[in-house]
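Structure first, then comments.
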Amino acid sequence: MCGIVGYVGHRDASEIVIGGLQRLEYRGYDSAGISVRVADNFKTIRTVGAVAKLELALEQEPLSGTVGIGHTRWATHGEPAIRNAHPHTSNGGRLTLVHNGIIENYETLKTKLISEGYEFHSDTDTEVLVNWIDLFVAKNKSLVEGVRMALKEVVGAYALLVTDRDSNDIIAVRKSSPLCIGVGDGEFIIASDATPIIPYTRDIVYLEDDQLVVISETGVGPHPEMSVIDMDRKAITPKMEKVMMELDSIEKGGYDSFMLKEINEQPDTVANCLRGRLTPDDEPLMMGGVENVMPQLLRAQKIFIIACGTSWHAALIGKTIIETLCRIPVEVDYASEFRYRKPIIKQGDVLMSISQSGETADTKAAMEMAKDKGATLFGIVNVVGSSIARMSDSGIYTHSGVEIGVASTKAFTGQLAAITLIAIKMAKQLGSITDENHADLKRALSLIPEKMAKVLEHTESIFEIADEYSKPEYRDFLYLGRGINFPIALEGALKLKEVSYVHAEGYPAGEMKHGPIALVDENCPSVFIAPTDKSYDKVLSNMQEIKARGGRVVAIVTEGDLGMSKIADHVIEVPKTDPLLTPMLTSIPLQLLSYRIAVNLGRDVDKPRNLAKSVTVE
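Right under this line is the structure:
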């Protein structure tokens, strides 16, 4: 949830840390703080709100030094306030710490610390953690030993950086929360993800759980050095990876927001997902990373798909695509609920996990349970080298690029493209579709980026519709669809809620009569996802029912449709394609509607209140 950055090297640490926090702000923006070693001690500045406020505070009180740590917070324990902002310092001031995660047994630890004479000034589990480590450091006379021994008694998830006033070292350690280290020329940058690192180096070490890294400012010669051990003090040789991420992918590139930029990137990102995988009509799809588990996929009696948020909507669409093409039963679960309903998982079942970040805590926990029961783990993720990618037996990267906007857009359509590729490949090998259908689907899929671009050509007309529904009287929306379009209704409603704070509900259009229609009046618009398919006539009837009760209707329809346009107040057309592929097109107008309504209402679309991009706690 939170973002952490650390720096040891020859540059100004404040500049590096602040720049890193700005790039990590999508992970949380309730408060921010920085600690920099100045002379023989660490000095700390903390502010409430966005990183920009911290930047202003630093202009008033500059911190000059070459070692520093910083934090941008998504609040879990304790309200957004100065006392709860990170970094936290131990009683006596020896240790300063930033933390992403949740310490589950912090109350027990706090009680023990109080008995030892420690005092507390915040509501956070992090202040407990820094003092708990301080207790062991004092007993063991060593920062490394103190951290190692203290964490053996800590229950929960954490990525943390600890600085030591006395030894001038930084320790980095993770468990179930992401952390990576950029290795530059005489410098190290530690961060929650790669985005703060790539302006300085492409050489990155992704830490594994229970790896402890010591970065000493005074290493061999004039440069700092890094050593890695496990929690049993065994030395580890870190694996260096080259990150190919481009700098322009983490900048707005002339757009007003990351959200709008990422909406417009979708033709390219879906093309990236298809590139090298989508082959000519009569050739099998090229998906090398999938081949090693293809036998398990083809033999599966059941496929479970787990996800959270927008990815869960992709999972629902994936269920329809896989069941339609492959004739294998699919169950879709919220990852946060999967473990608690005691799912019946048998040896040979497949668990597909869908995650943009690849770090979602609930999804990782569900995967561990499924693996214990003998399931094959298959990951569909965007972030290369993420925890879910590493936990999976096999999988597919969506190649959507860095997604900064908290409300997911391009990652969603990338997930749909990836699922479709997998389903087509499986169906071909199973013989559940004909050669002709196989070729038709591949051709249709190859045209999707071009058709997405065509939808985006109508952005201004979609904005005009959004302008009409940005008035204060429109505080409730219904999103309605049938079949594969029902999950798009859910996704459209979620987008509006996320970025505009306007209430919206997604429903199967056929269920509208079983309660939601009671909401319908002139101030409760209904958005229909209604491309031409086998349920078209029934959706048309549902639309008429709304109009008969004075409701206003926006309809997403197939290009050239005349039936819906006679009834709906506003019509948005998308190009014709195979019905299984329509979600990649119909989702774009809904993203644009949500974006424009939110902007008109004065919302910060990149930083919606109370949300964070990556949910790394349960």
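Counting from 1 along the sequence shown, just add 1163 to a position and that's the residue number in my numbering. Where is the CB? At the ideal position from N, CA and C, for every residue including glycine. These numbers were taken from a predicted model, which means no experiment stands behind them.
Taking Leu-1643 as part of the alpha helix (DSSP H), name the residues at either end of that continuous run.
Numbered from 1 along the sequence shown, position 480 holds the residue referred to as residue 1643. No alpha helix (DSSP H) holds Leu-1643; the beta strand (DSSP E) holding it covers 1639-1644.
To which residues does DSSP link Pro-1671 through a beta bridge?
Here residue 1671 is taken as the residue at index 508 of the sequence shown, counted from 1. Partner(s): Gly-1644.
Taking its Cβ as the centre, do 16 or more other Cβ atoms sit within 10 Å of Thr-1400, making it buried, or is it exposed?
Here residue 1400 refers to the residue found at position 237 when the sequence shown is read from its first residue. The residue in question, Thr-1400, is exposed, as its Cβ has fewer than 16 Cβ neighbours within 10 Å.
Comparing C-alpha positions only, which one of Ser-1728, Ile-1277, Lys-1660, Ile-1735 sits nearest to Asp-1767?
As a working mapping, residue 1767 is identified with position 604 in the sequence shown. Checked all of Ser-1728, Ile-1277, Lys-1660, Ile-1735; the closest Cα to Asp-1767 is Lys-1660.
From the DSSP output, which residues share a beta bridge with Leu-1258?
Against the sequence shown, residue 1258 aligns to sequence position 95. DSSP, once it has assigned bridges, lists Asp-1327 as partnering Leu-1258.
Mind checking Val-1383: buried by the 16 CB within 10 Å criterion, or exposed?
Within the sequence shown, residue 1383 is the residue found at index 220, counting from 1. For Val-1383, the predicted model reports a pLDDT of 43, less than 50, meaning its position is unreliable and no value from the coordinates is stated.
Could you please give me the residues that DSSP links to Val-1720 through a beta bridge?
As a working mapping, residue 1720 is identified with position 557 in the sequence shown. Answer is Ala-1693, Glu-1736.
Taking only three categories from DSSP, how would you classify Ala-1590?
Against the sequence shown, residue 1590 aligns to sequence position 427. Helix, per DSSP.
Can you give me the C-alpha to C-alpha distance between Lys-1634 and Leu-1725, rounded to a whole angstrom?
As a first step, residue 1634 must be located in the sequence shown, where it is residue number 471. As a first step, residue 1725 must be located in the sequence shown, where it is residue number 562. Distance between the alpha carbons of Lys-1634 and Leu-1725 is about 28 angstroms.
At the level of alpha carbons, what is the spacing between Met-1589 and Glu-1486?
For the purposes of this step, residue 1589 is taken as the residue at position 426 of the sequence shown. For the purposes of this step, residue 1486 is taken as the residue at position 323 of the sequence shown. C-alpha separation (whole angstroms): 11 angstroms.
Taking the alpha carbon of Ile-1587 as the reference point, which residue from Tyr-1269, Gln-1707, Thr-1483, Gly-1521 has its own alpha carbon closest?
In the sequence shown, the residue the question calls residue 1587 occupies position 424. Of Tyr-1269, Gln-1707, Thr-1483, Gly-1521, the residue nearest in Cα terms is Thr-1483.
Quick one: residues in its chain with C-beta nearer than 8 angstroms to the C-beta of Glu-1631, no 5 flanking neighbours on either side, listed in chain order?
One-based indexing of the sequence shown puts residue 1631 at position 468. Correct list, in chain order: His-1733.
Less than 7 angstroms between C-beta atoms, sequence neighbours within five positions excluded: which residues of the same chain meet that for Met-1532?
Counting from one through the sequence shown, the residue named residue 1532 turns up at place 369. So the list reads Arg-1502, once near-sequence residues are dropped.
Under 9 angstroms between the Cβ atoms of Leu-1514 and Ile-1468?
In the sequence shown, residue 1514 corresponds to position 351, counting from 1. In the sequence shown, residue 1468 corresponds to position 305, counting from 1. Cβ atoms of Leu-1514 and Ile-1468: closer than 9 angstroms.
Short check: CB of Leu-1226 to CB of Ile-1208, under 9 angstroms?
One-based indexing of the sequence shown puts residue 1226 at position 63. One-based indexing of the sequence shown puts residue 1208 at position 45. Against a cut-off of 9 angstroms, the Cβ pair of Ile-1208 and Leu-1226 comes out as a contact.
DSSP three-state label for Tyr-1281, please.
As a first step, residue 1281 must be located in the sequence shown, where it is residue number 118. Three-state DSSP puts Tyr-1281 in coil, outside helix and strand.
If you draw a straight line from the alpha carbon of Ala-1335 to that of Ile-1378, how long is it in whole angstroms?
Counting from one through the sequence shown, the residue named residue 1335 turns up at place 172. Counting from one through the sequence shown, the residue named residue 1378 turns up at place 215. Their Cα atoms are separated by approximately 8 angstroms.
Determine the burial state of Leu-1370: buried for a count of at least 16 other Cβ atoms within 10 Å of its Cβ, exposed for fewer.
Position 207 of the sequence shown holds residue 1370. By the neighbour-count rule (16 or more Cβ atoms within 10 Å), Leu-1370 is buried.
Would you say Ala-1570 and Thr-1432 are within 9 angstroms of each other, going by their C-beta atoms?
In the sequence shown, counting from the first residue as 1, residue 1570 sits at position 407. In the sequence shown, counting from the first residue as 1, residue 1432 sits at position 269. Contact flag unset, no.
Among Ser-1278, Ser-1550, Ile-1585, Met-1422, whose alpha-carbon lies nearest the alpha-carbon of Val-1762?
Translated into positions along the sequence shown, residue 1762 becomes position 599. Comparing Cα positions, the closest option is Met-1422.
To the nearest angstrom, report how far apart Lys-1405 and Val-1346 are at their CA atoms.
Within the sequence shown, the letter at position 242 stands for residue 1405. Within the sequence shown, the letter at position 183 stands for residue 1346. Those two C-alpha atoms are separated by around 10 angstroms.
Where Pro-1771 and Val-1662 are concerned, what is the direct C-alpha to C-alpha distance, given to the nearest angstrom?
For the purposes of this step, residue 1771 is taken as residue 608 along the sequence shown, with counting starting at 1. For the purposes of this step, residue 1662 is taken as residue 499 along the sequence shown, with counting starting at 1. If I take the Cα positions, the gap works out to 5 angstroms.
With DSSP run on the structure shown, which of helix, strand or coil describes Leu-1514?
Here residue 1514 corresponds to residue number 351 of the sequence shown, with the count starting at 1. Leu-1514 falls in the strand class under three-state DSSP.
Check for me: the beta strand (DSSP E) holding Gln-1374 runs from which residue to which?
Start at 1 with the first residue of the sequence shown, and residue 1374 comes out as number 211. Unbroken beta strand (DSSP E) run through Gln-1374: 1374-1379.
If you count every other CB in all the chains shown that lies within 10 Å of the CB of Val-1737, and 16 or more means buried, which is it?
For the purposes of this step, residue 1737 is taken as the residue at position 574 of the sequence shown. Val-1737 should be labelled buried.
Based on the DSSP secondary-structure assignment, which residues constitute the bridge partners of Thr-1322?
Along the sequence shown, one-based indexing puts residue 1322 at 159. One detail in the question is off: residue 1322 reads as Ala in this sequence, not Thr. For Ala-1322, which the question treats as bridged, DSSP gives the partners Asn-1263, Arg-1337.
For Asp-1419, does the count of other Cβ atoms within 10 angstroms reach 16, so buried, or fall short, so exposed?
Within the sequence shown, numbered from 1, the residue matching residue 1419 stands at position 256. Asp-1419 is exposed by the Cβ-count criterion.
Drop a sphere of 10 angstroms on the beta-carbon of Gly-1166, count the other beta-carbons inside from all chains shown, and report buried for 16 or more, exposed for fewer.
Residue numbering aside, residue 1166 sits at position 3 when the sequence shown is read from its first letter. Per the 10 Å Cβ criterion, buried.
Buried or exposed for Asn-1263, going by 16 or more other Cβ atoms inside 10 Å?
By 1-based counting over the sequence shown, the position of residue 1263 is 100. In the assembly as shown, Asn-1263 is a buried residue. Its beta-carbon has 16 or more other beta-carbons within 10 Å.
Can we say the segment 1354-1363 touches the segment 1323-1338, given the rule of at least three CB pairs closer than 8 angstroms?
no
Please classify Lys-1701 as buried or exposed, where buried requires at least 16 neighbouring CB atoms within 10 angstroms.
In the sequence shown, residue 1701 corresponds to position 538, counting from 1. Lys-1701 should be labelled exposed.
Would a C-beta distance cut-off of 9 angstroms place Thr-1583 and Ala-1574 closer than the cut-off?
Against the sequence shown, residue 1583 aligns to sequence position 420. Against the sequence shown, residue 1574 aligns to sequence position 411. No. Outside cutoff.
Exposed or buried, which one is Met-1530 when buried takes at least 16 other CB atoms within 10 Å?
For the purposes of this step, residue 1530 is identified with residue 367 of the sequence shown, where counting begins at 1. With 16 or more Cβ atoms within 10 Å of its Cβ, Met-1530 is classed as buried.
With a CB to CB cut of under 8 angstroms and the five nearest residues on each side skipped, what residues in its chain are close to Met-1403?
Reading the sequence shown from its first residue, position 240 is the one you call residue 1403. For Met-1403, where only same-chain residues beyond five positions count, the Cβ hits under 8 angstroms are Val-1346, Asp-1366, Ile-1367, Val-1368.
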